[in-house]
Amino acid sequence: MSRTDFLRSSYCLIVRLHPGSFRDRFGDEMMWIFDEERHRGKGARLFFDGILSLLRQRSKVERAPAPVVAGLGLLDTGWDIAPRRFVEAGITASLILAGFMLLLGKAGNPTLMPACVPGAPHTTPPRIQAPARISAIPVTARNHSPVDSGKVDNAAANAVRIVHAQEMSNGLAARFCSVN
Amino acid sequence: MRSDSDKTPPLSPATLHILLALAGGDLHGYGIIQEVVRHSDGHYKLGPGTLYDNLKKLMDAGLVADAPRSASAADDERRFYTLTMRGRSALSIEVDRLQGVVREARSRLRETRPRRV
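Listed in order, the protein sequences are those of chains A and B.
Just so you know, we're using my numbering here: the first sequence kicks off at 1 and counts up by one.
Just so you know, we're using my numbering here: the second sequence kicks off at 1001 and counts up by one.
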């Protein structure tokens, strides 16, 4: 199933989850507009609009006095919420999660969620070798915190920390001597 | 004596844009979305969920109604929506209210002079 087919099926499910009166009245038109916008590459935006609409319509139905309890009616939840509502809430939450994952995949940043990008190769970052001698590290690198650079391995980082601490202590000692 | 504007609460942005779009003529749902984008210079975009949620409210309130089908559009499956007289009146009241807000804002901006730093 392609991404656009998945989006359309998900949107169709969202429309079907709307209350019956709303769905019968506007469901076909919502699907028609979704198809029109999908051809323009704007389907994902309508996906979230549909979820918001579903939540709005469902909250209105829950608030309205409803003498007839829909759903299984076998499970006592302790609230005036039909068990079917829990199933719908689960489906809605799954759709929201799937939508976010799709958007992240669309952003095309494999470093955030590599598994969300189909066909993205799994690569490990290259390891940078430590220099043979401490003196090989440029002075500019030694004057800055080695932890921030992120380009030296642990052994080199510890060595640079020692040099850095020595330079600081030398500087302090020189300043102390000159003051006294 | 209270005026009509006192009885009518301010319209939401989505409702205002839909009524504005329909003030130009009868439109179907997608036509309303496109007209809103056009008259707001692309700053306001309605999704179908938001559109039909607000259309339902407007139809229930009697501000918008289904447009009668013409003979030429009889084979068209799409529903067209039209602004009722009540809807036109509500839009007019809202525009007057917004004009008052703009007038007040302008007078306050004229009164307030920028401080010298």
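For every residue, glycine included, the Cβ atom is placed at its ideal position computed from N, Cα and C.
Keep in mind the model is a prediction, meaning the values are calculated, not measured.
TODO: Could you list the residues in the segment 1035 to 1066 of chain B with a C-beta less than 7 Å from some C-beta on chain A, going in chain order?
DONE: Residues passing the 7 Å Cβ filter: G1047, P1048, G1049, T1050, Y1052, D1053, K1056.
Open item on the list: Given this structure, state the Cα-to-Cα distance separating B/G1097 from A/S9, to the nearest angstrom.
Closed with: For the purposes of this step, residue 1097 of chain B is taken as residue 97 along the second sequence, with counting starting at 1. For the purposes of this step, residue 9 of chain A is taken as residue 9 along the first sequence, with counting starting at 1. Here residue 1097 of chain B turns out to be Arg, not Gly, going by the sequence shown. When the Cα atoms are used, B/R1097 and A/S9 turn out to be separated by approximately 43 Å.
Open item on the list: Against chain A, which members of the segment 1087 to 1111 of chain B pass a CB distance test of less than 8 Å?
Closed with: Per Cβ criterion, the list is empty.
Task: Sub-7 Å separation of B/R1086 and B/G1047 beta-carbons - done: Along the second sequence, read from residue 1 onward, the residue named residue 1086 of chain B stands at position 86. Along the second sequence, read from residue 1 onward, the residue named residue 1047 of chain B stands at position 47. Against a cut-off of 7 Å, the Cβ pair of B/G1047 and B/R1086 comes out as no contact.
- [ ] Return the bridge partner residues of A/D35 from the DSSP annotation.
- [x] For the purposes of this step, residue 35 of chain A is taken as the residue at position 35 of the first sequence. As far as DSSP is concerned, A/D35 takes part in no beta bridge.
Task: Closer than 8 Å at the beta carbon, the chain A residues around B/I1033 - done: Working through the second sequence from its first residue, we reach residue 1033 of chain B at position 33. Chain A residues near B/I1033: I33.
Open item on the list: Please confirm whether A/E36 has its beta-carbon closer than 7 Å to some beta-carbon of chain B.
Closed with: Along the first sequence, read from residue 1 onward, the residue named residue 36 of chain A stands at position 36. At a cut-off of 7 Å between beta carbons, A/E36 contacts chain B.
TODO: Along the alpha helix (DSSP H) that carries B/Y1052, what are the first and last residues, could you check?
DONE: Counted from its first residue, the second sequence places residue 1052 of chain B at position 52. Annotation for B/Y1052: the continuous alpha helix (DSSP H) segment containing it runs 1048 to 1060.
- [ ] Specify the secondary structure class of A/T92 as computed by DSSP and reduced to three states.
- [x] Translated into positions along the first sequence, residue 92 of chain A becomes position 92. Secondary structure of A/T92 (DSSP, three-state): helix.
- [ ] Taking B/V1064 as the reference, give the member of B/K1056, B/L1083, B/G1049 with the closest Cα.
- [x] The residue you call residue 1064 of chain B lines up with position 64 of the second sequence. Selected option, being the one with the closest Cα: B/L1083.
TODO: Taking only beta-carbon positions, decide if A/A66 is within less than 7 Å of chain B.
DONE: Taking the first sequence and counting its residues from 1, one reaches residue 66 of chain A at position 66. Confidence is the limiting factor: at A/A66 the pLDDT is only 48, short of 50, which leaves the residue's position unreliable, though a coordinate-based value still follows. For A/A66, the answer is no, since every Cβ of chain B falls outside 7 Å of its Cβ.
- [ ] Please classify B/E1077: is it buried, with 16 or more other beta-carbons within 10 angstroms of its beta-carbon, or exposed?
- [x] Within the second sequence, the letter at position 77 stands for residue 1077 of chain B. With fewer than 16 other Cβ atoms from the protein chains shown falling within 10 Å of its own Cβ, B/E1077 counts as exposed.
TODO: State the CB to CB distance for the pair A/L54 and A/L17, rounded to an integer number of angstroms; the pair is presumed to be in contact (CB under 8 Å).
DONE: Counted from its first residue, the first sequence places residue 54 of chain A at position 54. Counted from its first residue, the first sequence places residue 17 of chain A at position 17. That belief holds up - the Cβ atoms of A/L54 and A/L17 are roughly 6 Å apart, short of 8 Å.
Open item on the list: Can you confirm whether B/Y1030, when its beta carbon is compared against all beta carbons of chain A, has any partner nearer than 7 Å?
Closed with: In the second sequence, residue 1030 of chain B corresponds to position 30, counting from 1. Any Cβ of chain A closer than 7 Å to the Cβ of B/Y1030 would place that residue at the interface, and such an atom is present.
- [ ] Helix, strand or coil for B/T1015, going by three-state DSSP, please let me know.
- [x] Counted from its first residue, the second sequence places residue 1015 of chain B at position 15. In this structure, DSSP gives B/T1015 a helical state, which the three-state scheme calls helix.
Task: Residues that A/S59 contacts on chain B, provided the C-beta gap is smaller than 7 Å - done: If you number the first sequence from 1, residue 59 of chain A lands on position 59. In chain order: nothing, as chain B lies at least about 11 Å away.
- [ ] Using a cut-off of 8 Å between C-beta atoms, extract the partners of B/R1079 located in chain D.
- [x] Within the model displayed, chain D is absent; protein chains A and B are what it includes.
TODO: Hey, could you find the ends of the alpha helix (DSSP H) B/D969 is sitting in?
DONE: This structure cannot settle anything about residue 969 of chain B, because the visible part of chain B is limited to 1001 through 1117.
Open item on the list: Among B/R1108, B/D1053, B/P1009, whose alpha-carbon lies nearest the alpha-carbon of B/G1029?
Closed with: For the purposes of this step, residue 1029 of chain B is taken as the residue at position 29 of the second sequence. With distances taken between Cα atoms, B/G1029 lies closest to B/D1053.
Task: Exposure label - A/V147; buried when at least 16 CB within 10 Å - done: Mapped onto the first sequence, residue 147 of chain A falls at position 147. Low per-residue confidence applies at A/V147: pLDDT is 46, beneath 50, and the placement is therefore not dependable, though the value from the model is reported in the following sentence. Classification for A/V147: exposed.
TODO: Would you check whether the ligand FMN has a heavy atom nearer than 6 Å to the C-beta of A/M30?
DONE: In terms of ligand content, the structure shown is empty, and the ligand FMN therefore cannot be addressed.
Task: Secondary structure of B/H1028, DSSP reduced to three states - done: Within the second sequence, the letter at position 28 stands for residue 1028 of chain B. In this structure, B/H1028 counts as strand in the three-state DSSP scheme.
Task: Exposed unless 16 or more other CB atoms sit within 10 angstroms - verdict on B/A961 - done: Chain B is shown only over 1001 to 1117; residue 961 of chain B falls outside these bounds and no answer can be derived.
- [ ] Taking A/S53 as the query, report the chain B residues whose CB atoms sit under 8 Å from its CB, ordered along the chain.
- [x] In the first sequence, counting from the first residue as 1, residue 53 of chain A sits at position 53. For A/S53, the residues of chain B that pass the 8 Å Cβ criterion are G1047, P1048, G1049, T1050, Y1052, D1053, in the order they occur in the chain.
TODO: Tell me where the alpha helix (DSSP H) around B/S1107 begins and ends.
DONE: The residue labelled residue 1107 of chain B in the question sits at position 107 within the second sequence. Taken as a continuous stretch (DSSP letters only), the alpha helix (DSSP H) holding B/S1107 covers 1085 to 1111.
Open item on the list: Give me, in chain order, the residues of the same chain whose beta-carbon lies closer than 7 Å to that of B/I1033; leave out the 5 immediate sequence neighbours on both sides.
Closed with: Start at 1 with the first residue of the second sequence, and residue 1033 of chain B comes out as number 33. Once the five neighbours on either side are set aside, the close Cβ partners of B/I1033 are L1046, L1051.
- [ ] Specify the secondary structure class of A/T4 as computed by DSSP and reduced to three states.
- [x] Against the first sequence, residue 4 of chain A aligns to sequence position 4. Note: A/T4 maps to helix in three-state DSSP.
Open item on the list: Applying the 10 Å Cβ sphere with the 16-neighbour rule, what's the burial state of B/Y1081?
Closed with: Numbered from 1 along the second sequence, position 81 holds the residue referred to as residue 1081 of chain B. It counts as buried.
Open item on the list: What would DSSP say about B/Y1044, mapped onto helix, strand or coil?
Closed with: Within the second sequence, numbered from 1, the residue matching residue 1044 of chain B stands at position 44. Note: B/Y1044 maps to coil in three-state DSSP.
TODO: Starting from A/R56, find everything on chain B with Cβ-Cβ shorter than 7 Å and list it in chain order.
DONE: Working through the first sequence from its first residue, we reach residue 56 of chain A at position 56. Correct list: D1053.
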